[in-house]
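Residue 1 is where the sequence shown starts when you use full-length UniProt numbering, and the numbers rise one by one after that.
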Amino acid sequence: MELTTAQRDRAAGVLLGQAVGDALGVPYEFAAPPQGDAVMKGGGLGPYAPGEWSDDTQMAAVIAQVAATGADLTTPAVRGRIAHGFNDWRQHGASDIGNQTAAVIGSAWLSLTGSAMNADCSKDELDDETWAAAYEQAALAYTKKHERSAGNGALMRNGIVGLVALDDREATARAAAAVAELTHADPLVAESCILHAEAVRVAVVEGVLDLTRGLDLLPRSSQARWADWLESAAELRPDQIEANGSTFGALRVARAAIAGSTDVRSALQLAVTAGHDTDTVAAITGALIGALHGASGIPATWRRRVHGWPGLRARDLVSLALQTAGAAGPGSWPLASHAPVEPGRPLGVRAPFDDGLILGTQADLARTDADAVVSLSRVGLADRSPSRPPENHVECWLVDSDDPAAHNDLACTLADCADAVAELRAEGKTVLLHCVAAQHRTPSVALVYAVRHCGLSVEDASEQIRKALGANEIDGLLWRTAQLEA
């Protein structure tokens, strides 16, 4: 499926939204709720560094690394690759792990040990189908022994599965069920993952978020129950929903958080107020709300900080999501060495309203000595200075297009880019604000920053920016939107 610019943005927001929600919820997991807004302060059960995601996104990354290859997640061999990944994560990356998931992985490991002994080989020499079967049998055995086996441990990692077949809802549902059943055999778990994945798929493709769109993909006997659960959740606050450690409780919290919100920030703040399993319910919510608002709608203050096992940051998550959606190749942006753009002429002028802000072009990126950078155009891995901490180089999804359909929420994105500049300046850093040629994106964000954070009028800011950039006239959708919304 060939994605539009806005659809690519929304696909890019799925795994990133999950990770941001996860890291935001980490400090409050089974602890006192935040007084005021939740912040990425780390701690939690890890303990985690500020901005670090937990097992929710760690496991999602395992799935994403397989899904990004374009492999069919419903086949036993591919599920076995995911099982291999879960095992490696359990041994080398799991900073915490749910009880049910730990029990299933442990049981599968014992089974694989026996299979390897019988075959006179190592476990790694067993074929992928054997790995998948061991996990699925362990999950079934757990469900038979435990009355409550519908935990949220599969749903928490499910968002990326919504991108595997954007043009095929039935294939998406099959993939969601197949991946869930590696560790969770209770039918409620597969059903919740089907609803969640279909909601992600629809949000990316249509720009509409509706958790009920997948009800007809469930067994007929389950549809009314889920419809009631989701409908009633929309009338409640997240903290009024019990048992969010269950797959149905967690999905209901996500429904409540989304129903009570208007954007990514408010949805995730609401999700964290649910208490108890805060990182998981916020991760589940984040995948959904990221699919609706896109990477461009996720606040830069969170994007610049989020990170986690296995050594990934925001741009890595965007790349995995785009590859899974078929919208990027392994060596293409955002993991290309250099951005596929002409860098333009060097500019590097100080903003007249803030001498700690440098307005520039792509060509200034390689020569700037600024403490921090806000990139409004695509940059490659080699375009980033290795001496600059990654959290001090903020990359924004801001499209230079006069077509309104290319933007999910242009006013919101412009404001967030300006807020990123303001946050870095408040930290005492000099900032290079750049796009390719400083003709549309750079002046537009500078305008919003000047008005909202430096106290200028729209007229004064516009005039000062034009003079600084040596532009007789600046026009276009971005500039007009900035003047209107600043």
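Even for Gly, the Cβ is constructed at its ideal location relative to N, Cα and C.
On a predicted model such as this, the values are computed, not experimentally measured, just so you know.
Own chain partners of residue i with C-beta closer than 6 Å, once the 5 adjacent residues on each side are dropped
i    : result
L230 : L211, T212 and R255
P334 : R315, V318 and S319
Y135 : A83, A108 and L182
L236 : A256
W309 : Q58 and G93
T101 : G153 and T183
CB of residue i within 8 Å of CB of residue j, strictly
i    : j    : result
T280 : A243 : no
L357 : V264 : no
D409 : H307 : no
E485 : L414 : yes
E29  : T278 : yes
V164 : T324 : yes
A267 : G162 : no
S377 : C454 : no
A295 : A6   : no
A138 : A108 : yes
I258 : L218 : no
D416 : P299 : yes
Q18  : G245 : no
C412 : G297 : yes
I241 : A234 : no
G476 : H440 : yes
D228 : A274 : no
A176 : A199 : no
R367 : P346 : yes
V448 : A482 : yes
P76  : A132 : yes
Under the three-state DSSP convention, the category residue i falls into
i           : result
A139        : helix
H146        : coil
E52         : strand
R313        : strand
G43         : strand
residue 548 : Beyond the ends of the chain as shown, which are 1 and 486, falls residue 548; an answer cannot be given.
G159        : helix
S246        : strand
V374        : strand
G106        : helix
G297        : helix
G114        : helix
First through last residue of the beta strand (DSSP E) which encompasses residue i
i    : result
G356 : D354 to G360
R367 : R367 -> no beta strand (DSSP E), and no H or E assigned at all.
L432 : V431 to H434
Residue range of the unbroken alpha helix (DSSP H) whose run includes residue i
i    : result
R10  : T5 to G25
E395 : Segment H393 to E395 is the beta strand (DSSP E) holding E395; no alpha helix (DSSP H) there.
R350 : Looking at the DSSP string, R350 is not in any alpha helix (DSSP H); the run it does join, the beta strand (DSSP E), is V349 to A351.
T285 : T278 to H293
H92  : P76 to H92
S444 : R441 to C454
V187 : Looking at the sequence provided, one finds Pro at residue 187 rather than Val. First-last of the alpha helix (DSSP H) with P187: P187 to E206.
E459 : V458 to L469
Q35  : Where Q35 is concerned, there is no enclosing alpha helix (DSSP H), given that its DSSP letter is neither H nor E.
R384 : First-last for R384: undefined, no H or E at that position.
R225 : R220 to A233
Residues of its chain near residue i, where Cβ-Cβ distance is below 8 Å and the 5 sequence neighbours each way are ignored
i    : result
V66  : L73, V78, R81, I82 and G85
D216 : Q223
L365 : P343, V373, S375, V379, D383, L432 and H434
G326 : M1, L3, G70 and L166
Cβ neighbours of residue i in the same chain (closer than 7 Å, five flanking residues each side left out)
i    : result
Q269 : D37 and A38
W32  : A small correction: the amino acid at residue 32 is Ala; Trp does not occupy that position in the sequence shown. Hits under 7 Å: none found.
L322 : R8, A11, A12 and A328
V272 : L24, G25, Y28, P34, A38, T278 and A282
V202 : V208, D210 and R213
K123 : L112, T113 and A116
K41  : P27 and P50
P226 : It should be noted that the sequence gives Trp, not Pro, for residue 226. Excluding sequence neighbours, W226 sits near E191, L195, L215 and L218.
A171 : A165
T143 : S149, A185 and D186
8 Å Cβ cutoff, residue i in contact with chain B
i   : result
A38 : Looking for chain B here will not work: only one protein chain is present.
Closer than 7 Å: residue i CB and nearest the ligand SAH heavy atom
i    : result
I358 : Among the components modelled here there is no ligand, and therefore nothing to report on the ligand SAH.
(message) With three or more beta-carbon pairs closer than 8 Å as the criterion, would you say the stretch 365-379 touches the stretch 394-406?
(response) Between the stretch 365-379 and the stretch 394-406, the count of C-beta pairs closer than 8 Å reaches three or more; the two stretches touch.
(message) With a threshold of 8 Å, are at least 3 pairs of Cβ atoms found where one atom belongs to the stretch 195-212 and the other to the stretch 53-63?
(response) Because the criterion of three Cβ pairs below 8 Å is not met, the stretch 195-212 and the stretch 53-63 do not touch.
(request) Please confirm if the stretch 176-195 is in contact with the stretch 135-153, defined as three or more CB-CB distances below 8 Å between the two stretches. (result) Contact holds: three or more Cβ-Cβ distances are below 8 Å.
(request) Kindly confirm or deny that the stretch 351-368 and the stretch 463-477 touch, where touching means at least three C-beta pairs closer than 8 Å. (result) Below 8 Å, enough C-beta pairs join the stretch 351-368 and the stretch 463-477 to call them touching: three or more.
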